[in-house]
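Notes follow once the structure below has been shown.
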Amino acid sequence: MEGIYAFCVGLMTACGIFLTLRGRTFSVVVGLTLLSYAVNLFLFASGRLKLDAAAVLGMSEDYGDPLPQALVLTAIVIGFAMTAFAVILAMRARADLGNDHVDGRIPQTKEEVRQKSGGQR
Numbered sequence: 006m007e008g009i010y011a012f013c014v015g016l017m018t019a020c021g022i023f024l025t026l027r028g029r030t031f032s033v034v035v036g037l038t039l040l041s042y043a044v045n046l047f048l049f050a051s052g053r054l055k056l057d058a059a060a061v062l063g064m065s066e067d068y069g070d071p072l073p074q075a076l077v078l079t080a081i082v083i084g085f086a087m088t089a090f091a092v093i094l095a096m097r098a099r100a101d102l103g104n105d106h107v108d109g110r111i112p113q114t115k116e117e118v119r120q121k122s123g124g125q126r
């Protein structure tokens with residue numbers, strides 16, 4: 006179970022990094038969100054995964070560590086605020102620049118590059 010869990014966290018991290026490095030703001034926002042989810046899962050796993058364990062002391066002999074749960078809850082709130090800020094920032098950039106590219110410039114197509122170079126390859 007731990008191997009599958011670690012693989013899923015690694016896959017979410019890889020997808021988040023890939024999307025964060027894209028050229029459009031929407032994919033950057035989705036990538037940051039995926040990275041925050043991966044970090045949340047990593048923090049949650051740091052408290053040791055236990056099945057049928059109580060989260061409160063004294064309710065059973067086997068209990069889960071409450072500190073990673075508190076950290077994940079705090080990280081969820083911070084991640085939501087970060088995502089909301091990034092979405093508002095992306096909407097403002099789209100309104101000001103007229104496109105949703107991260108650097109504000111529309112990339113040239115191959116045809117435009119050929120026309121600028123005089124039709125030579």
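Counting in the numbering used here, the sequence shown runs from 6 upward without gaps.
In this text, a Cβ means the ideal position worked out from N, Cα and C, and glycines have one as well.
Only a predicted model underlies this, so the values are computations on that prediction, with no experimental measurement involved.
In the displayed model, Arg-29 falls within a strand according to three-state DSSP.
Taking a contact to require three or more Cβ pairs closer than 8 Å, the stretch 41-53 and the stretch 13-22 qualify as touching.
A straight line joining the alpha-carbon of Leu-72 with that of Leu-48 spans about 10 Å. By the Cβ-count criterion, Ala-80 is buried, with 16 or more other Cβ atoms from all chains shown falling within 10 Å of its own Cβ.
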